[in-house]
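To start, the structure under review is shown below, and the notes come after it.
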Amino acid sequence: MTEKTSSLVFSAQYVALVHTICSFAAFFIPLALALYTHYYQVVKNEFYGYPEEWFPSVSATIGDWYPERSVFQWLIALTATPRLLVLLLWFTLSGISRPSVIITTALGVLRTALCGGWVYVTSTDDHDWHDIFMIGYLISNAPWFILVSKCSPVNSMASRIRNIGSALFVLTIFPLIYWYIQHKFKHIPGAYTVYAFFEWSLILWDILFDSALYWDFKPLVFNLHTSKTYSNPSSFATRKKEKGEHLSYAEAAAVGTQAKNIKKDSNVKCSKKQILFSLLYFSSEVYLSFVFWSVLTSLGLLVWYFPLWHMGISGYEACILFELSPFLLGIPLLRKFASKVPVIFLFLNVIGIAAYKLEDPVHRLFVTAFSVCCECLAWTSLFSNISPENLAIERKISTFLFGLLASSIAKYSFFSNNPIWPILNETNGGKQIPALIVGIIACLIFAIFHVQQTTANAVEHFKLRKITALSAALSLGTVLFCLHTFLCDSTVLMTWSWDGYPIKGPQPYPHGAVSIVVSICAVLVAPYLYQSGAFMLIGFVLACFGSYFMYINHGWCSYLGGLIFTSYVLIYSFASIRISSFYSPAKVWGGAFLVYILYSLAHVWVVAYEFVPGGPILRERTSYILIFIGWNLAALVPAYSGESKEPNKADSSVVDIKQSDSSYRRRSFKKSLLTGFCLALMALKFAIQNMPPYDYTPYHPNEKLFTAGIWTIHFGLDNFMYASENRIRDAVRDMELDVFGLLESDTQRLIMGFRDLTQVLAHDLGMYADYGPGPDKHTWGAALLSKFPIVNSTHHLLPSPQGELAPAIHATLDVYGELIDVVVSHNGQYESQLDRRLQSTELARIMRESPRPLVFLGYVVSNVGQEPQTILTRDTGMLDIEPADYDRWCQYIFYRGVKRIGYARLHRSTITDTELQTGKFLVTKDLGRNVRIDKEHVPESHRYPSLFEGTGVNGHYYDNNLVVHEPWYYD
1 MTEKTSSLVF SAQYVALVHT ICSFAAFFIP LALALYTHYY QVVKNEFYGY
51 PEEWFPSVSA TIGDWYPERS VFQWLIALTA TPRLLVLLLW FTLSGISRPS
101 VIITTALGVL RTALCGGWVY VTSTDDHDWH DIFMIGYLIS NAPWFILVSK
151 CSPVNSMASR IRNIGSALFV LTIFPLIYWY IQHKFKHIPG AYTVYAFFEW
201 SLILWDILFD SALYWDFKPL VFNLHTSKTY SNPSSFATRK KEKGEHLSYA
251 EAAAVGTQAK NIKKDSNVKC SKKQILFSLL YFSSEVYLSF VFWSVLTSLG
301 LLVWYFPLWH MGISGYEACI LFELSPFLLG IPLLRKFASK VPVIFLFLNV
351 IGIAAYKLED PVHRLFVTAF SVCCECLAWT SLFSNISPEN LAIERKISTF
401 LFGLLASSIA KYSFFSNNPI WPILNETNGG KQIPALIVGI IACLIFAIFH
451 VQQTTANAVE HFKLRKITAL SAALSLGTVL FCLHTFLCDS TVLMTWSWDG
501 YPIKGPQPYP HGAVSIVVSI CAVLVAPYLY QSGAFMLIGF VLACFGSYFM
551 YINHGWCSYL GGLIFTSYVL IYSFASIRIS SFYSPAKVWG GAFLVYILYS
601 LAHVWVVAYE FVPGGPILRE RTSYILIFIG WNLAALVPAY SGESKEPNKA
651 DSSVVDIKQS DSSYRRRSFK KSLLTGFCLA LMALKFAIQN MPPYDYTPYH
701 PNEKLFTAGI WTIHFGLDNF MYASENRIRD AVRDMELDVF GLLESDTQRL
751 IMGFRDLTQV LAHDLGMYAD YGPGPDKHTW GAALLSKFPI VNSTHHLLPS
801 PQGELAPAIH ATLDVYGELI DVVVSHNGQY ESQLDRRLQS TELARIMRES
851 PRPLVFLGYV VSNVGQEPQT ILTRDTGMLD IEPADYDRWC QYIFYRGVKR
901 IGYARLHRST ITDTELQTGK FLVTKDLGRN VRIDKEHVPE SHRYPSLFEG
951 TGVNGHYYDN NLVVHEPWYY D
């Protein structure tokens, strides 16, 4: 008898896990590399390239470019060892004497060899052999799926995974073939991209099927011994038991032990049905939270439309008081009803999405306000119905925050517009019908499983010192405002950090995805951190510093400070919402929404127009709001007093919050992790998909001609309260503008929906964009878009001692190889004559000190030939584009150092209240005679589009004033 000298014992599940991870990494790491390093090359096929095709096939990713090809082959080589080990373990586990098992194992080895064939013989090396190996591999999958499913040990989870994987694999084959035919034989643009998605799906389903071995191997222990012999098998089992070691399946068979006896020692697992129901319920809550945040963030946008068009208080602002509906839960009957059937209010909230169908802005506002009323009642009841000692509240907070991040991703996918907002419809990108269908299904799922999913176990005590209901309301209201203000859109932090060209900080694409992923990580770790008093204290200090750097600095420093601050707010949300469950929902949640409304009003008042009552109180004082936020967040920090095994019963000011047992929190974490992973994938997809190429071409590159324009766009809301970005885009494109300025464009505010109009315009028109002074600069916005590279841009806050701050951008463009300056500005209102004079004086200084040719595009508020318009042309060398056009008041175009060849004013249609004013210029040293000429003497390429002559198109036409009824041309 030889005694055992050494051994290595570990669960065979690790082998299956390593195999799954390596398989996934082998394909998707090269995919990430390909998208990052050779995007335009890998999406191109024999018929089309970008933008018709925008996602690469598997073959293009793994076989055509370095380093993707090398990385793929290297990772596949690493996968080979765990792959063969998995086959060996499955062979041992399933019965080495069974003929079907032997055949299946041999098929698995053949399948591995075929995989190596199409991996190492790429389509570029030998297309025929690559296809032969690939087709052989796909064909071998059918018997592999059947035999493995038949011969594997009985395991419910593994069987379920195999059934899903094989079914999806087979179902994917048919559309894969269909779209390949559409591409190969019918040459349909974009067909290969769809085919590529199905091709990548096959990889996922293949990996999913093989991952089922992880559950098969659960009772199997992998033992490596240098040498061992045992004369008595039963004594061997006894020794293993004494050492506390598990028996492998092979060892159990050797001593006559049945595998079922080993399984009895395993932890009790949830049934397949319970797991499915729990996941469905979790998903439904996330979606209903998505609807909550989508509707809530739209209300301020709808309310803003009315004072904007009334140029003063309209009365409709009172609709924000619908957010105070939690106060109604002080009525016992209503509180009981909301507690018993919250799904009624959730359903009414979902139905509110249909408000977009109402053409009357007032009706749309009222329906949305009612929807907000219902959703505030519903979610207040959902949180209040759960005892703070019940850990189901942690899961509910997670779904609440994931819904917020889902709404942010929805906006990220639509260039900062939420596709289910009432300002969108079928004509400008609205997706309300699918949202309504999914919302109704989510309500049904919620109604079915709500009661069963609100229980949890608790095993430990965590002492939390009580705070007053007022402090809890201040804390919670601050959290709601911060979540809305800093996290409902992934690019908010970027506009706070933006400081012009050259770029010194993050960009919406791809860094918006970074903001989302960081937020997801914060939600995932929050349940493990928010109960730590030390972390909350240190985190609070870091968050204060983060908000300070976010506000004071620009570029990466500001952005990183914002990430720290928002991450803390997400973690802090768990503590604040959980503590609120101790108190009456009417008191805390009603008070919280009142605090939220006060914050929202303050957020408006920091940029209040001159005519807004009480405007000077908070104008330009965002720092005050940040200080109040810090003060109210601090209300919760003293509540943490440390941990104890048992609560101190003698101290009546201490309340017990029980921690979860590990199994419940682990299950909740798995659902959160899956949700977070899916959200992160979507964010990364949109980041890659919408990445700007930064390589744009002007409309007339051979003529050295550029067309400039200026347009006051009323914050992207048209006369009927619908988003106007698409209509602006079409008008600008049809007018062939190479450079244009937008005024009243800073929509990164709560009452404007935290939108960024420049994103979609720059993407669709192919332009560089300067957002202008960000929301932290307290202006109503000025933006610049250009077909020409922006070499440098400086943001100015013009003197405004009486009214709101006036923004200006002074940019230098590379126009056909010559540096030309462009100034875009929005001066103050008519009520502020001192402001307008000082602002014009500062603009004149900026233009006078510029040594380069210059074009001014601005909002001056002046009669032609009078101050402050004449201040801008006096001693600056600037010329009015058409002094004879006396019918101007707001918008003006001035120029110097370039040749004026055209001038036109385009009717606004119903987009805004101001026309689009444009000028055509040539980059030349010969400035011409500077006289007006007839259209017949103008080269065709120098003329304005004939599209807008006569009655024009889409409500746009040239005749828009008392003087210029058609484009004027000059020499």
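Using full-length UniProt numbering, you'd call the opening residue of the sequence shown number 1 and step up by one each time.
Virtual Cβ for every residue (Gly too), placed ideally from N, Cα, C.
| Asked | Found |
| --- | --- |
| Relative to the C-alpha of residue 712, which candidate in 905, 31, 816 has its C-alpha closest? | 905 |
| From this set, 26, 22, 50, which residue's C-alpha is nearest residue 689's C-alpha? | 50 |
| Could you please give the first and the last residue of the uninterrupted beta strand (DSSP E) stretch that includes residue 818? | 818–826 |
| Report the option in 179, 478, 144 whose CA atom is closest to the CA atom of residue 206. | 144 |
| Name the one or two DSSP bridge partners that residue 811 has. | 793, 822 |
| Roughly how many angstroms separate the alpha carbons of residue 462 and residue 535, rounded to a whole number? | Any answer about residue 462 is weak, because its pLDDT of 45 lies below 50 and its placement is not dependable; what the coordinates show is given next. Their Cα atoms are separated by approximately 14 Å. |
| State the DSSP-derived secondary structure class of residue 12, mapped to helix, strand or coil. | coil |
| May I ask you to list the residues that DSSP assigns as paired with residue 437? | Bridge partners of residue 437: none, in fact. |
| Any chance you could list the beta strand (DSSP E) runs of at least 3 consecutive residues sitting entirely within the stretch 497–568, in chain order? | none |
| Starting from the C-beta of residue 114, find all residues in its chain whose C-beta is less than 7 Å away, skip the five residues before and the five after it, and write them out in chain order. | 133, 136, 137, 140 |
| Identify every residue that forms a DSSP beta bridge with residue 384. | Note: residue 384 sits in no beta bridge, so no partner. |
| Taking only runs that begin and end inside the stretch 864–935, name each unbroken beta strand (DSSP E) of 3 or more residues, in chain order. | 891–896, 899–906, 916–922 |
| Could you say which of 897, 369, 46, 909 lies nearest to residue 928 if we only look at CA atoms? | 897 |
| So with Cβ pairs under 8 Å, would you call residue 14 a contact of chain B? | No chain B appears in the structure shown, which is made up of a single protein chain. |
| When the Cβ atoms of the stretch 799–807 are set against those of the stretch 568–579, are three or more pairs found closer than 8 Å? | no |
| Is DSSP giving residue 746 helix, strand or coil here? | coil |
| Is DSSP giving residue 953 helix, strand or coil here? | strand |
| On a Cα-Cα basis, can you pick out the residue from 916, 189, 724, 419 that is closest to residue 959? | 916 |
| Could you have a look at residue 194 and say whether DSSP puts it in helix, strand or coil? | helix |
| Along the chain, where does the beta strand (DSSP E) containing residue 166 start, and where does it finish? | Per DSSP, residue 166 belongs to no beta strand (DSSP E); it is in the alpha helix (DSSP H), 156–184. |
| So for residue 855, helix, strand or coil by DSSP? | strand |
| Mind reading off the beta-carbon distance from residue 30 to residue 62? Whole number of angstroms is fine, and I expect it under 8 Å. | 6 Å |
| So is residue 538 buried or exposed if we call it buried at 16+ other beta carbons inside 10 Å? | exposed |
| May I ask you to list the residues that DSSP assigns as paired with residue 786? | 739, 768 |
| Would DSSP call residue 805 helix, strand or coil? | strand |
| Over the uninterrupted beta strand (DSSP E) stretch that includes residue 709, give me the two end residues. | 705–712 |
| Starting from residue 968, follow the beta strand (DSSP E) in both directions and report where the run begins and ends. | 968–970 |
| So which of 777, 624, 812, 786 has the shortest CA-CA distance to residue 792? | 812 |
| Measure how close the beta-carbons of residue 428 and residue 723 come, nearest whole angstrom, since I'm counting them as under 8 Å. | 6 Å |
| What's the call for residue 857, buried or exposed, on a 16-neighbour Cβ count within 10 Å? | buried |
| Just mark residue 330 as buried or exposed, buried being the case when its beta carbon has 16 or more other beta carbons within 10 Å. | exposed |
| Where does residue 717 fall in DSSP's three states? | strand |
| May I ask which residues mark the beginning and end of the alpha helix (DSSP H) holding residue 841? | 833–849 |
| Do residue 402 and residue 523 count as a contact pair if the criterion is CB distance below 8 Å? | yes |
| DSSP state of residue 17, grouped into three classes? | helix |
| Can you round the beta-carbon distance between residue 11 and residue 221 to whole angstroms, since I take them to be within the 8 Å contact cut? | 6 Å |
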